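*Asks:* Let me begin by handing over the structure; questions about it come next.
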Amino acid sequence: MTEQRQTKMNIGIRRGDTVQVMAGRSKGRSGKVLSVDPWKGTVTVEHANIIKRHTRPNPSKNVKGGILEKEAPINVSNVMLVCPACGKHTRIGHNRLPDGTRVRTCRRCNGTFEN
Ligand SMILES: [Zn+2]
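When we follow the numbering used here, the leftmost residue of the sequence shown carries the number 7, and every step to the right adds one.
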């Protein structure tokens, strides 16, 4: 792989979070974040932005032919974090607790995300 120097984005979304898709083909859909790519600024969301990949059978690799369905990455600007406390999609705030740990907060209900 060629070396790529890019800026790592501070996405604020982590694997396991629930997000709602705000734009694109899977608009309105919410699901769990399967993976995050801070370099590309994309997230993969469960059951959202499914792409169909047509595969040819390849017996030597034990690959069956047919249609494979897979989640495709979505740009982070098209998803919003769903707050577990109020159940709504929200912007993320950042807070520093008195003991110095940084937490993500919900801008709607001021709830804190557990992580
Ligand atoms: Zn909230």
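Glycine residues also receive a C-beta, built at the ideal position from the N, C-alpha and C atoms. Being a predicted model, the structure only gives us computed values, none of them experimental.
1) When the Cβ atoms of the segment 86-99 are set against those of the segment 55-62, are three or more pairs found closer than 8 Å?
2) Classify Ser36 as helix, strand or coil using the three-state DSSP reduction.
3) What is the DSSP secondary structure of Asn81, reduced to helix, strand or coil?
4) Compute every distance between the C-beta of Arg102 and the non-hydrogen atoms of ligand 1, then say whether any falls below 6 Å.
5) Which term fits Asn64, buried or exposed, when burial requires 16 or more other beta carbons within 10 angstroms of its beta carbon?
6) Helix, strand or coil, according to DSSP, for Lys94 in the structure here?
7) Please report the distance separating the alpha-carbon of Asn81 from that of Met15.
8) From what residue to what residue does the beta strand (DSSP E) around His60 run?
9) Tell me, to the nearest whole angstrom, how far the beta carbon of Val42 is from that of Val85; I am working on the premise that it is less than 8 Å.
*Replies:* In this structure, then:
1) no
2) Against the sequence shown, residue 36 aligns to sequence position 30. In this structure, Ser36 counts as strand in the three-state DSSP scheme.
3) Here residue 81 corresponds to residue number 75 of the sequence shown, with the count starting at 1. In the three-state DSSP reduction, Asn81 falls in the strand class (E or B).
4) Counting from 1 along the sequence shown, the entry for residue 102 is found at position 96. Remark: the shortest separation between the CB of Arg102 and any heavy atom of ligand 1 does not fall under 6 Å.
5) As a first step, residue 64 must be located in the sequence shown, where it is residue number 58. With fewer than 16 other CB atoms across the displayed protein chains lying within 10 angstroms of its CB, Asn64 is exposed.
6) Residue mapping note: residue 94 aligns to position 88 of the sequence shown, counting from 1. In this structure, Lys94 counts as coil in the three-state DSSP scheme.
7) The sequence position of residue 81 within the sequence shown is 75, counting from 1. The sequence position of residue 15 within the sequence shown is 9, counting from 1. Their backbone Cα atoms lie some 12 Å apart in a straight line.
8) For the purposes of this step, residue 60 is taken as the residue at position 54 of the sequence shown. Residues 56-61.
9) Indexing the sequence shown from 1 puts residue 42 at position 36. Indexing the sequence shown from 1 puts residue 85 at position 79. Not really, about 11 Å apart at Cβ, beyond 8 Å.
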